[in-house]
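Residue numbers (the numbering used here), protein chains in the order written: chain U, 63 to 180; chain S, 599 to 708. Cβ atoms here follow ideal geometry from the backbone N, Cα and C, with glycine treated the same way. Please read these numbers as outputs of a predicted model, since none were measured by experiment. One structure is given here, and the rest of the page talks about it.
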Amino acid sequence: DTGVSQNPRHKITKRGQNVTFRCDPISEHNRLYWYRQTLGQGPEFLTYFQNEAQLEKSRLLSDRFSAERPKGSFSTLEIQRTEQGDSAMYLCASSFLWGGEFSYNEQFFGPGTRLTVL
Amino acid sequence: EDQVTQSPEALRLQEGESSSLNCSYTVSGLRGLFWYRQDPGKGPEFLFTLYSAGEEKEKERLKATLTKKESFLHITAPKPEDSATYLCAVRNNAGNMLTFGGGTRLMVKP
C-alpha cells in the first residue's frame, strides 16, 4: 500500500501528559501537512513542510505543539502537557508540488490519529 | 480570510433519488477547489479538483461543477454505499493550506 500512513490510530492519555504522533507520507511526495478535525467539523490546517523545512504554521498551533520532518520523509507531531481541548482527530496529508510558478497541489490524507484526553 | 460554507449540513435520500450538495466560497485568488469524501473514523478521500469557473468533472455517480462563487456536487441515482460526509475545500494563491467547509453528511436509504 503506497498511501499515507499514521501511527498510532488511537491514543488515550491523561491531561498533562505528552503525546507524539507519526506520519509517513506517499514516498515521492515533497510536501506534508498536519490538520486537526473535531467531531462534525471540517479539518483545520495546523502546519506544513516542504521537504524538511517547516514553511507555515497556523495560529491554532500553540507553543505546546511541535512538528518535525527531520529528513524530509516521515513527520512527527508532539503535543506537550495535553489538555482536554486537544481531543480531536489529527490528520496528515501529503502532496507533490508541480507546475512551477502556478502550482497544482492535490493533497492525499492518511487515516488519522484519534486523540482522547481524559 | 478564506471562507467555505456547505449546505445542507445533512441530507437523507432514498436510493435512486438524485440531488446536489452546495459549496459556497470566498477566496483571494482561487488555486483550486477540492472535493473529498470521508467515511466515519477515516481520513478524507480525494475525489476532484476544479481550477476554473465552468469546469466540470465526473466520477461514477458524482459530478462536480464550479462557478466563481460556488461549487456543486451532483449525485445521480445514489446507492447506500454513497453514504458519507462530503467535504469541500479551497486553496488560495498565497498559501498552501486547504480551507475546509463543515461538510454535508449524506445518508442514502435502500
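Problem set entry | Ala687 (chain S) CB to nearest heavy atom of the ligand PLP below 8 Å | Summarising the ligand content, the structure contains no ligands, and the ligand PLP is consequently not present.
Exercise. Does any CB atom of chain U fall closer than 9 Å to the CB of Tyr623 (chain S)?
Worked result: Not an interface residue.
For this session: Please compile the residues from chain B whose C-beta is within a distance smaller than 9 Å of the C-beta of Gln103 (chain U).
Result: This model lacks chain B altogether, as its protein chains are U and S.
Problem set entry | Beta-carbon contacts of Val179 (chain U) that lie in its chain and below 7 Å, excluding the five residues immediately before and after | The answer, listed in chain order, is Thr75, Arg77, Thr144, Glu145, Gln146, Asp148, Ser149.
Exercise. Is the Cβ-Cβ distance between Asp686 (chain S) and Phe632 (chain S) less than 9 Å?
Worked result: Reading off the sequence shown, one finds Cys at residue 686 (chain S), where the question assumed Asp. Yes, these two residues count as a Cβ contact at 9 Å.
Problem set entry | Buried versus exposed call for Ala115 (chain U) [16 or more other C-beta atoms within 10 Å across all chains shown] | Ala115 (chain U) comes out exposed.
Problem set entry | Burial state of Glu163 (chain U) (16 or more Cβ within 10 Å) | Because Glu163 (chain U) sits at a pLDDT of 48, beneath the cut-off of 50, its placement in the model cannot be relied upon, and the following sentence gives the value as read from the coordinates. By the neighbour-count criterion, in which 16 or more other beta carbons inside 10 Å mark a residue as buried, Glu163 (chain U) falls on the exposed side.
Exercise. Is it the case that the Cβ atoms of Thr702 (chain S) and Pro606 (chain S) are separated by a distance below 9 Å?
Worked result: Yes, these two residues count as a Cβ contact at 9 Å.
For this session: Note down the Cα distance separating Thr652 (chain S) from Leu664 (chain S), rounded to an integer number of angstroms.
Result: A quick correction: the sequence has Gly, not Thr, at residue 652 (chain S). Going by the C-alpha atoms only, they are around 6 Å apart.
Problem set entry | Among U:Gly174, U:Thr175, U:Leu177, U:Phe170, the one whose alpha carbon lies nearest that of Ser89 (chain U) | Measuring from the Cα of Ser89 (chain U), the nearest candidate turns out to be U:Phe170.
Problem set entry | Residues that Glu656 (chain S) bridges to, as DSSP identifies them | Glu656 (chain S) pairs with S:Lys661.
Exercise. Under 9 Å Cβ-Cβ, which residues of chain U neighbour Leu685 (chain S)?
Worked result: In chain order: Gly104, Pro105.
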